[in-house]
Amino acid sequence: MVKVVAKTGNEAMAEAMRQINPDVVAAYPITPATEIVMIFAKYVADGLVDTEYVAVESEHSAMSACVGASAAGGRVMTGTSSQGLALMYEILPIVSSLRLPIVMCDVNRAISGPINIHCDHSDTMAAQDFGWVQIFSENSQEAYDSLIQAIRIAEDPRLQLPTMVTTDGFIISHCMDKIELLDDADVQKFIGGERKAATRLLDIDKPVTLGLIDLQDYYFEHRVQVAEAMRGAKKIILEVADEFAEKFGRKYGLIEGYQLDDAEHVIVALGSTCGTTKVVVDELRAKGIKAGLLKIRVFRPFPAEEIAAALSKAKTVAVLDRSDTWSAQGGHVFTEVRSGMFDQKAKPKMINYIYGLGGREINLELIRQVYTDLQNIEKQPLVQYLGVRE
Amino acid sequence: MANLKELSKKQEPLTGGHRLCPGCGASIVVRQVLLASKDPVVVVSATGCLEVSTTIFPYSAWKVPFLHNAFENAAATMSGVEAYYQYLKRKGKTSQHINFVAFGGDGGTYDIGFQSLSGAMERGHDLTYVCYNNQAYMNTGIQRSSATPKGANTTTEPAGKVKQGKTMNRKDLTEIMVAHNIPYVAQATVGNWADLTRKAEKAFSIRGPKFMNVLQPCRLGWAYKPEETGVIGRIAAETCFWPLYEVENGVYKITKPREKKPITEFLKTQERFRHLFKPGNEKIIEDIQAEVDQRWQSLLAKEAMTAKAAK
Chain P
108 MVKVVAKTGN EAMAEAMRQI NPDVVAAYPI TPATEIVMIF AKYVADGLVD TEYVAVESEH
168 SAMSACVGAS AAGGRVMTGT SSQGLALMYE ILPIVSSLRL PIVMCDVNRA ISGPINIHCD
228 HSDTMAAQDF GWVQIFSENS QEAYDSLIQA IRIAEDPRLQ LPTMVTTDGF IISHCMDKIE
288 LLDDADVQKF IGGERKAATR LLDIDKPVTL GLIDLQDYYF EHRVQVAEAM RGAKKIILEV
348 ADEFAEKFGR KYGLIEGYQL DDAEHVIVAL GSTCGTTKVV VDELRAKGIK AGLLKIRVFR
408 PFPAEEIAAA LSKAKTVAVL DRSDTWSAQG GHVFTEVRSG MFDQKAKPKM INYIYGLGGR
468 EINLELIRQV YTDLQNIEKQ PLVQYLGVRE
Chain V
98 MANLKELSKK QEPLTGGHRL CPGCGASIVV RQVLLASKDP VVVVSATGCL EVSTTIFPYS
158 AWKVPFLHNA FENAAATMSG VEAYYQYLKR KGKTSQHINF VAFGGDGGTY DIGFQSLSGA
218 MERGHDLTYV CYNNQAYMNT GIQRSSATPK GANTTTEPAG KVKQGKTMNR KDLTEIMVAH
278 NIPYVAQATV GNWADLTRKA EKAFSIRGPK FMNVLQPCRL GWAYKPEETG VIGRIAAETC
338 FWPLYEVENG VYKITKPREK KPITEFLKTQ ERFRHLFKPG NEKIIEDIQA EVDQRWQSLL
398 AKEAMTAKAA K
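Sequences listed follow chains P and V, in order.
Per the working numbering, the very first residue in the first sequence carries number 108; after that it's consecutive.
Per the working numbering, the very first residue in the second sequence carries number 98; after that it's consecutive.
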């Protein structure tokens, strides 16, 4: 039975964690993700979950303890943000190379410096090369649904890769939203009982050595194995999404189109900004302007072919990046989308906006400006900063 | 305590054929500590000589479950392994006792791994952390660590024309671990096998966090003949450069040498201290002796004080 409740993004993620009931959670508090673990710690204190909860002394140790627990065979989760995620960076690629399906709640927040606690995607985008599946959420409902799906995705025997589900700091993490909760039993049924680990460190009768030193003669092959697994991840993510849709009625893909089929002017974005953009698309459509939105839900693996197909009929495209690569070539999403379009015969004109850094507001007016720019794209520079004071 | 004959019949946790240096004390520490366990063990190792020499893919010298994560996080990683084990126990999915043993060199323990170690000890995980302490970053080429003693020649604080090796005294990590108020802290050295084995057995008999600081002469970094590892370990104890003692629930117990030898007996066995014997460096040796004496007196006082309190 579906239960409709009001929950913040953090509450929604904590609720999903309660229903998942992981074996081990190791975490360290950081704004704006703190609440997820605080709420979960109360679930532990009240005996609502069976989880062994380890309140560690840093995010580095949080991810390190997750590695230990996951290598031992456990279903393991954590949550973090920004500098906390950055402190985990060293361990993140170790997790993927050990093929440990750890699932993380990641609340997008600007990276220091200067220090800033509000939303942008700099933290998550900097982690894009570490072999983690990355799923972005437009709202609390998506965060909740994706976190439940993430357990299945990460633990799929064909994948065995860590997965992070992100929300936008404060915009989603702290804003009350209407969400539909699933039954506890349905969640348990969907995630499918205990984790079936390929190797268990605690199996003392069959001792394994994990995390070996891997020199010139094998390291390359092991890295390629992660790449190959990631290449197959799209299929697994879609299979899990289809099963979720069949059971619970909410359908997700790698990308989502909004008024996209016949759109001439398209914004590509991810996260909470997509909701804002949809409002403007509706406005423009009412005026007869063929505006559309392409939302990227899964950023790793990057759905380049799907995006290229979806943008093939557009005349102009603006990619919105809530982070900067500082490469002088645009943001993270822009360079990926643009690269994905390179082999298309008919290519739209494409420009990039870097926006919203450190929580700078993105509002309807700014999105309208982007669509206006798209209609006069010849005059626009390749990369511009949206909403910055000059 | 198990005798040598009994120990020799047990299955070796670490096989021969690993690539540690001839005469390396690290493998001696691992074998003697793990052989002291009556129960199965699971091992986590920090990055370092021990790990890189025993796990070159596709080979492994480990006959017991082994996990390496990164340099500074052996204690945190083992916290996670132990947490999952506690989960399994609480859920009735296992009843077998396992001893969780984390190994780290002095760099991965005293320096970069210190926070992770302190955190794991404070949280009370049931694990034994063993520092194989060779007093420098031997794996990366004999760079100084906070465990390096004053006057030692290292590649990042070398002896030269105006400086004579490390200028500061070593950090006393054993005492810092005592200050964590954990149930068992021990200091031991390679070359005193019975003492080391007994302390490991004691550690494994206690539930909660345990810390063992084992001085491990390093034939490469200290520069001596490979066959002298055990001898130098014993001299370290006899000069009280590395006193053998343990602290169980706050009560100190020291193994006193028959006769406390002068520090020069220890210093002269290794090339890393050779420059100290040149004319003009007498003061440095005096300083080292003063530090050793001060720490030894302090230890004796703590033993007397805690023995009284225990009664």
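Glycine is no exception: its CB is placed at the ideal position from the N, C-alpha and C atoms.
Note that the structure is a prediction, hence the values are computed from the model and not measured.
query                                                                                                                           : result
Whole-number beta carbon distance between residue 142(V) and residue 428(V), since they are thought to touch under 8 Å          : Chain V is shown from 98 up to 408; residue 428(V) falls before or after that span and cannot be answered.
Residues of its chain near residue 292(V), where Cβ-Cβ distance is below 6 Å and the 5 sequence neighbours each way are ignored : 285, 341
Three-state secondary structure assigned by DSSP to residue 146(V)                                                              : helix
For residue 251(P), the three-state DSSP class (helix, strand or coil)                                                          : helix
Spatial distance of residue 456(P) from residue 478(P) (CA atoms)                                                               : 13 Å
Contact list for residue 172(P) against chain V, beta-carbon separation under 8 Å                                               : 173, 174, 176, 177, 180
Neighbour flag for residue 351(V) against chain P, beta carbons, 9 Å                                                            : no
Contact check, residue 481(P) vs residue 424(P), beta carbons under 9 Å                                                         : yes
Completely contained beta strand (DSSP E) runs for the region 192-274 of chain P, where each covers 3 or more residues          : 210-215, 240-243
is_contact[residue 219(V), chain P] using C-beta, thresh 9 Å                                                                    : yes
For residue 428(P), the residue or residues it bridges with in DSSP                                                             : 461(P)
Of the residues 276(V), 252(V), 248(V), the one placed nearest residue 361(V), counting alpha carbons only                      : 248(V)
Candidates 234(V), 205(V), 307(V), of which the one nearest residue 276(V) by Cα                                                : 307(V)
Positions along the region 288-316 of chain P whose CB lies within less than 8 Å of some CB in chain C                          : In the structure shown, chain C cannot be found, because the protein chains are P and V.
Residues in the region 236-254 of chain P having any Cβ partner in chain V nearer than 7 Å                                      : none
Cutoff 9 Å: residue 159(P) Cβ touching any chain V Cβ                                                                           : yes
For residue 284(P), three-class secondary structure by DSSP                                                                     : strand
Distance between beta carbons of residue 316(V) and residue 323(V), contact taken as under 8 Å                                  : 5 Å
Residue 115(V) - containing beta strand (DSSP E), residue span                                                                  : Taken as a continuous stretch (DSSP letters only), residue 115(V) belongs to no beta strand (DSSP E), as it is neither H nor E.
Distance, residue 166(V) Cα to residue 306(P) Cα                                                                                : 15 Å
Identified DSSP bridge partners for residue 310(V)                                                                              : 228(V), 284(V)
Beta-carbon proximity list for residue 223(P), same chain, < 6 Å, skipping 5 on both sides                                      : 217, 465
Supposed close pair residue 135(P), residue 148(P) - CB separation, criterion 8 Å                                               : So it is not a contact: roughly 12 Å between Cβ atoms.
C-alpha distance - residue 393(P) paired with residue 445(P), whole-angstrom precision                                          : 29 Å
Per DSSP, the bridge partner or partners of residue 407(P)                                                                      : 241(P)
Residue 231(V) classed as buried or exposed, judged by whether at least 16 other C-beta atoms fall within 10 angstroms          : buried
The alpha helix (DSSP H) enclosing residue 143(P), as first and last residue numbers                                            : 141-152
Exposed unless 16 or more other CB atoms sit within 10 angstroms - verdict on residue 313(V)                                    : buried
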